[in-house]
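To keep things clear, I will list the structure first and then write my remarks on it.
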């Protein structure tokens, strides 16, 4: 039996998140439906990370065992893409070691978050970016971003229902002006708590608008108290961009 | 009574075209629902042109009479945008002359058509561009485009059910490479037959891939026979971009 890893893009708008659940449309659910259609049997899949409702992916990695030996990797990729719905697409498929597990073997996860700062909304970018029509001070945001880097207790930046170890390693937070009205926040780390990236983005925008100073971020982290950090940024600006193994 | 003109953007994906029809979701239908909500009475609207199912707009102009005198133009714009669905947005609203009719007073209509030529599709651009994964010879397309310019009988490029005068004036057809994989075809004219822009784009791609020479376009126009031209380009790449009055 071959183990394969798929690099999967999806538009999160019409999914109740990545993880399979009964009675709602999820990425994993649709992916396993496609696997069943092609292989005529139930095939389990394993993703590198869960994404919430409305969150997109450019590089989610999904591994599964191929139950037959009579299709090439290219055949499998093409067959799956032909039956997957139009909001999921396998960008790459390759054979990997038999024990490959994307969740436990990911060495680095990279998220992208897009802000659109024009005064008027662009309906063609709705569900793709966070429309945040305010002037942002990029230099201040970069100063604030430094405080997130390193191994820290991110209790102030997790979702209330995430009971895992709150200590996480963030390698880098970059703020990049893509164009006059589009700002990209790129967050690189080993693994993340639920809602952590969106909570970091929410905090950075508070600094960008001048509501908070960059130094307050250090205090919020040290407080280890979710109530000290501002509301999460909305899901539509977030992309699970890339995973390094 | 004030007459006003709205410049309206919409994402055509989930509409059965612009023009109001019973029992289906149309742009005009949703727009008039919003008018009724704000003004508490039925208000008729007049658009500058019909767009087909799946075709987008950046600059459709819709005129209507304001049935009260107690709201400013800015109030009306904000109120309508707050009740319109998320795939319609009024970009501008201004008072115009009492006899303004966008359909009959338009001096120039500009359409944009986007082609995406990368080998792999981009799911975030689906419904926004035509994914056409082939190499295109831009110089040949530009040569072919010249044949469309001027006042001509466009019978070969109309929809079968359009019984209007087939003589139309096209001022300019430009082919612009926006980036490595995105090509914009910009068509400027006074008025257009149904499906005319999409039929022109379909023909230009046949030239771009080398299937036809640029000179064949002149022969197709002269034939005045719809069966001589190729299939229409799909609706998702087309934008009703701008109207000059």
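Chains as they are written, first to last, in my numbering: chain A, 1035 to 1279; chain B, 1035 to 1279. Where a beta carbon is used, it is the ideal one built from N, C-alpha and C, also for glycine.
Proximity of residue i and residue j at Cβ, strictly below 8 Å
{"i": "residue 1051 of chain A", "j": "residue 1084 of chain A", "result": "yes"}
{"i": "residue 1195 of chain A", "j": "residue 1270 of chain A", "result": "no"}
{"i": "residue 1259 of chain A", "j": "residue 1193 of chain A", "result": "no"}
{"i": "residue 1127 of chain A", "j": "residue 1068 of chain A", "result": "no"}
{"i": "residue 1072 of chain B", "j": "residue 1097 of chain B", "result": "no"}
{"i": "residue 1209 of chain B", "j": "residue 1176 of chain B", "result": "yes"}
{"i": "residue 1078 of chain A", "j": "residue 1148 of chain A", "result": "no"}
{"i": "residue 1037 of chain B", "j": "residue 1134 of chain B", "result": "yes"}
{"i": "residue 1076 of chain A", "j": "residue 1278 of chain A", "result": "no"}
{"i": "residue 1224 of chain B", "j": "residue 1237 of chain B", "result": "no"}
{"i": "residue 1110 of chain B", "j": "residue 1065 of chain B", "result": "no"}
{"i": "residue 1239 of chain B", "j": "residue 1138 of chain B", "result": "no"}
{"i": "residue 1130 of chain A", "j": "residue 1150 of chain A", "result": "no"}
{"i": "residue 1241 of chain B", "j": "residue 1221 of chain B", "result": "no"}
{"i": "residue 1232 of chain A", "j": "residue 1266 of chain A", "result": "yes"}
{"i": "residue 1049 of chain B", "j": "residue 1056 of chain B", "result": "no"}
Contact set between residue i and chain B, taken where Cβ atoms lie within less than 9 Å
{"i": "residue 1039 of chain A", "result": "The contacting residues do not exist; residue 1039 of chain A stays about 17 Å from chain B at best."}
{"i": "residue 1045 of chain A", "result": "1157, 1158, 1160"}
Min CB distance residue i to chain A below 8 Å
{"i": "residue 1113 of chain B", "result": "no"}
{"i": "residue 1116 of chain B", "result": "no"}
{"i": "residue 1225 of chain B", "result": "no"}
Listed by chain order, chain B residues near residue i by CB distance under 7 Å
{"i": "residue 1155 of chain A", "result": "1123"}
{"i": "residue 1213 of chain A", "result": "Residues of chain B passing the Cβ test: none, with the nearest at roughly 13 Å."}
Reference residue i; option with closest CA among the options
{"i": "residue 1248 of chain A", "options": "A/1178, A/1114, A/1230, A/1163", "result": "A/1178"}
{"i": "residue 1044 of chain A", "options": "A/1069, A/1076, A/1087", "result": "A/1087"}
{"i": "residue 1182 of chain B", "options": "B/1219, B/1215, B/1234", "result": "B/1234"}
{"i": "residue 1108 of chain A", "options": "A/1238, A/1125, A/1148", "result": "A/1125"}
{"i": "residue 1188 of chain B", "options": "B/1221, B/1227, B/1062, B/1131", "result": "B/1227"}
{"i": "residue 1229 of chain B", "options": "B/1059, B/1036, B/1264", "result": "B/1264"}
{"i": "residue 1171 of chain A", "options": "A/1201, A/1074, A/1211, A/1197", "result": "A/1211"}
{"i": "residue 1093 of chain B", "options": "B/1240, B/1146, B/1242, B/1103", "result": "B/1146"}
{"i": "residue 1256 of chain B", "options": "B/1201, B/1278, B/1038", "result": "B/1201"}
{"i": "residue 1244 of chain B", "options": "B/1080, B/1144, B/1173", "result": "B/1173"}
{"i": "residue 1144 of chain A", "options": "A/1116, A/1095, A/1115, A/1168", "result": "A/1095"}
{"i": "residue 1101 of chain B", "options": "B/1090, B/1080, B/1117, B/1074", "result": "B/1074"}
{"i": "residue 1276 of chain B", "options": "B/1059, B/1169, B/1049, B/1090", "result": "B/1090"}
{"i": "residue 1158 of chain A", "options": "B/1136, B/1120, B/1153", "result": "B/1120"}
{"i": "residue 1042 of chain B", "options": "B/1049, B/1222, B/1115, B/1054", "result": "B/1115"}
{"i": "residue 1136 of chain B", "options": "B/1154, B/1099, B/1117", "result": "B/1099"}
{"i": "residue 1118 of chain B", "options": "B/1132, B/1154, B/1062, B/1140", "result": "B/1062"}
{"i": "residue 1080 of chain B", "options": "B/1246, B/1059, B/1054", "result": "B/1054"}
{"i": "residue 1205 of chain A", "options": "A/1048, A/1186, A/1106", "result": "A/1186"}
{"i": "residue 1203 of chain A", "options": "A/1197, A/1180, A/1214", "result": "A/1180"}
{"i": "residue 1153 of chain B", "options": "B/1056, B/1048, B/1214, B/1268", "result": "B/1214"}
Proximal residues of chain B, C-beta to C-beta of residue i below 8 Å
{"i": "residue 1120 of chain A", "result": "1157, 1160"}
Min CB distance residue i to chain D below 8 Å
{"i": "residue 1166 of chain B", "result": "Chain labels in this structure do not include chain D; the protein chains are A and B."}
> Can you list, in chain order, the stretches of the alpha helix (DSSP H) that have 4 or more residues and sit fully within the segment 1092 to 1153 of chain A?
Replying inline: Runs found: 1107 to 1117, 1136 to 1139.
> What beta strand (DSSP E) runs, 3 residues minimum, are completely inside the segment 1146 to 1224 of chain B?
Replying inline: For the segment 1146 to 1224 of chain B, whole beta strand (DSSP E) runs of length 3 or above, ordered along the chain, are 1184 to 1187, 1201 to 1213, 1216 to 1223.
>> If we require 4 or more residues per run, which alpha helix (DSSP H) segments fall completely within the segment 1232 to 1264 of chain B?
In response: Whole alpha helix (DSSP H) segments, 4+ residues: 1250 to 1257.
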